[in-house]
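Numbering (my numbering), first residue to last: 4 to 176.
Positions of the beta carbon are idealized from the N, C-alpha and C atoms, including for glycine.
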């Protein structure tokens, strides 16, 4: 007796595996619908209590305050400092500009210019010539000059007058 192979009876000519594909697609769509509903619900409940005025106030708080236009004070004449390196005379010539945001404060600092120049001369002359040759050394000197003058300006005017010290000319010889 020969056994007959039984073929599964599929309705209307469907290929095997089509039923599983439909099931996977339905499950994926249901999952995406559930994720979308949870995200939408969370957003709705978190933002439903916020009033438009409060939202504008929060936006205004987080908005970056507008900075005043920069005011520059150029210190003339340039600073010249000498170094003794390995028995040779070396020189540093540096032109300095101070950057601030308030003209009245910069005018008040201008009255203290002998103190400012003295502070910078002492700072420049205390440096090591070999470190000033590198870009990192120059940047470190600029940052030291900035912090030094900020302290001096804070004592003299009571406010943080100098935002940055800028080197407009830097010559090592």
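Please identify the residue among the options whose C-alpha is closest to the C-alpha of residue i.
i, options, result
"residue 170", "81, 69, 87, 47", "81"
"residue 126", "32, 73, 97, 50", "97"
"residue 175", "37, 73, 88, 51", "88"
"residue 99", "117, 106, 123", "123"
"residue 115", "31, 153, 137", "153"
"residue 162", "27, 49, 51, 110", "110"
"residue 168", "121, 144, 157", "144"
"residue 141", "173, 90, 42, 121", "173"
"residue 150", "137, 28, 119", "119"
"residue 121", "28, 43, 78", "78"
Given that a residue counts as buried once 16 or more other Cβ atoms are within 10 Å of its Cβ, and exposed if not, what is residue i?
i, result
"residue 35", "exposed"
"residue 165", "buried"
"residue 108", "buried"
"residue 160", "buried"
"residue 24", "exposed"
"residue 76", "buried"
"residue 103", "buried"
"residue 148", "buried"
"residue 40", "exposed"
"residue 139", "exposed"
"residue 49", "exposed"
"residue 101", "buried"
Just to confirm my understanding: we take residue i, look at its own chain, exclude 5 residues before and 5 after, and list those with CB closer than 8 Å. What are they?
i, result
"residue 70", "104"
"residue 106", "74"
Among residues of its own chain, excluding the 5 on either side of residue i, which ones have a beta-carbon nearer than 6 Å to its beta-carbon?
i, result
"residue 156", "112, 164, 165"
"residue 94", "85, 176"
- Message: List, from N- to C-terminal side, the beta strand (DSSP E) runs of 3 residues or more that fit wholly inside the region 72-132.
- Response: 74-88, 91-103
- Touching or not, the region 117-132 and the region 72-87, by the rule of three or more beta carbon pairs under 8 Å? yes
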